[in-house]
Amino acid sequence: MLTPQTLGKTGLLLSPIGFGASPLGEAFGAIDPAEGTRAVHLAIERGINYFDVSPYYGTTLAETRLGEGLAGFRDEVVLSTKCGRYGVADFDFSAARITLDFENSLRRLRTDHVDLLLAHDIEFAPAGQIVAETIPAMRKLQAQGKARFIGISGLPLGELARTIGAVDVDAVLSYCHYNLLVSDMDQVLTPLVAEHGVGLINASPLHMGILGGNPVPEWHPASPEVQAAGKPFAALCRRFGLEPGTVALRFCLEHPGVASTLIGIATRAHVEENLAALSLEIPTELRAQITALLAPVQNQHWTSGRADSNA
Ligand code: NAD
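First residue of the sequence shown: 63, per this note's numbering; consecutive thereafter.
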């Protein structure tokens with residue numbers, strides 16, 4: 063069942079499976095945009111109410127396509143977009159830029175507000191800027207009614223944790239730190255967000271596609287060994303008659319502290335496979351074999367952003 067979960071203290075009710083829209087911006091390769099729109103509509107019809115995007119994904123393409131897909135449905139969904147990252151190496155977390163650019167995001171998304179605005183990949187901002195400048199500017203956007211709540215996203219758990227300790231935020235989006243390949247989110251972030259009442263969103267349950275069993279794009283930062291684990295993992299799941307993406311998502315859905323697990327979607331087939339995770343019980347024998355298979359590549363990480371943010 064898609065029983066909504068509350069995001070921290072915001073009162074926002076999120077479906078446990080969230081629709082990550084980066085594939086709509088072709089982050090994982092070319093897609094059929096009409097199929098992407100049908101996937102958005104099917105997801106809404108089936109009760110997925112949380113959608114996440116960023117101006118970075120496809121350098122605005124994902125926002126434009128998601129805006130088209132959500133036309134007529136905006137009031138039925140919880141929508142997050144981001145600010146501060148606008149390209150692979152295009153970062154600007156200044157108050158002026160995020161304030162100006164957010165208007166463009168709203169236009170592309172065909173709405174006058176988002177439910178959650180996240181500073182995108184905060185580890186790329188100069189040290190101190192997020193706390194001193196970005197978050198206060200985002201609070202101003204919130205006061206104007208353009209963002210109901212605000213938060214941060216990024217890779218290095220230490221940077222997310224230090225920021226939460228230094229400034230009040232409503233939600234945090236962490237990725238590639240809790241799925242069948244990695245688990246350190248629970249050492250650092252999970253207890254901290256519980257203590258601070260910050261909503262927790264866990265993204266990339268397939269470790270950015272690897273656990274779906276399909277080839278991943280060239281930009282994928284995981285080591286060749288980690289990337290190579292996807293194929294045998296998929297074969298193992300299929301021996302049990304299960305789709306690998308469904309199994310990997312199911313694992314993440316069992317986390318009690320996460321309000322929503324964001325999975326990247328661009329097709330109706332993936333909407334269906336991902337919804338199947340809700341009623342899946344991973345067989346004990348399969349769990350044991352997955353643990354053994356993935357043990358040699360567990361908890362391997364890459365760095366992101368400023369050197370000191372990865373400490
Ligand atoms: P993911 O682990 O969700 O993998 C997405 C890939 O898996 C895509 O290629 C998709 O087509 C494929 N896929 C989806 N369902 C599948 C299934 N059932 N079987 C096989 N393959 C399937 O990685 P992601 O897209 O990076 O993460 C999800 C979302 O989280 C993003 O779209 C984005 O919205 C958000 N996110 C945010 C940040 C950030 O803020 N820094 C970082 C990563 C992700």
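For glycine and all other residues, C-beta sits at the position ideal for the given N, C-alpha and C.
Reference residue i, options the options, closest by Cα
i    : options                : result
A354 : Q206, G190, L243, E343 : L243
M270 : S236, A256, L298, C299 : S236
P318 : L203, M247, E287       : M247
F52  : D183, G134, E165       : The question about residue 52 has no answer here: the residues shown for the chain are numbered 63 through 373.
I110 : E138, A96, L222        : E138
P267 : Y240, G216, P283       : Y240
T323 : Y112, V255, L304, R172 : Y112
A265 : A89, R301, D114, L74   : D114
A321 : N276, S366, Q289, V260 : V260
L180 : F164, A194, P188       : F164
F302 : Q206, L171, Q351       : Q351
L167 : G131, E125, L203, F186 : In the sequence as displayed, the identity of residue 167 is Ser instead of Leu. For S167, the nearest C-alpha among the options comes from E125.
N372 : T68, P306, V150, T225  : T225
T173 : R136, C299, L217, A89  : R136
E305 : F153, E130, A339, F90  : A339
R368 : D230, L217, D232, A291 : L217
G275 : E88, E334, S285, G292  : G292
L69  : S142, E287, A290       : S142
R127 : K144, L178, G134, P95  : P95
T99  : E88, L74, G131         : G131
T365 : F186, T161, L262       : F186
T72  : C238, R349, V234       : V234
T65  : H282, S341, E97        : S341
A151 : L162, L178, L251, T121 : T121
L171 : A296, G129, L311       : G129
F295 : S285, A310, H282, P286 : A310
K202 : A158, E221, Q191       : A158
Bridge-paired residues (DSSP) for residue i
i    : result
A199 : Answer by DSSP bridge pairing: none, since A199 is not bridged.
F113 : F81, L141
Q67  : L76
V241 : The question names Val, yet the displayed sequence has Asn at residue 241. Beta-bridge pairing links N241 to V244.
A209 : V176
R147 : F153
L235 : S215, I263
S322 : I263
Element boundaries [beta strand (DSSP E), containing residue i]
i    : result
N264 : 261-265
V176 : 176-181
S156 : No beta strand (DSSP E) holds S156; DSSP gives it neither H nor E.
G129 : First-last for G129: 123-132, but that is the alpha helix (DSSP H), not the beta strand (DSSP E).
Residue i, enclosing alpha helix (DSSP H) - first and last residue
i    : result
L355 : 346-356
I106 : 95-107
R312 : 306-315
R301 : 292-301
V193 : Premise fails: V193 is in no alpha helix (DSSP H) and is neither H nor E.
Beta carbon proximity, residue i to chain D, threshold 8 Å
i    : result
P286 : Absent from the structure: chain D. Only one protein chain is present.
Subject >> contact_flag[the region 198-211, the region 351-367] where n(CB pairs < 8 Å) is 3 or more >> reply: no
**OP:** Tell me, please, whether the region 329-338 touches the region 98-115 by the rule of three or more beta-carbon pairs shorter than 8 Å.
**Re:** yes
**OP:** Examine the Cβ distances between the region 311-326 and the region 75-83 and report whether three or more of them are shorter than 8 Å.
**Re:** yes
Original post:
Would you call the region 193-201 and the region 341-351 in contact, with 3 or more CB pairs under 8 Å?
Top reply: no
Original post:
For the 8 Å Cβ check, are there 3 or more pairs between the region 81-91 and the region 112-132?
Top reply: yes
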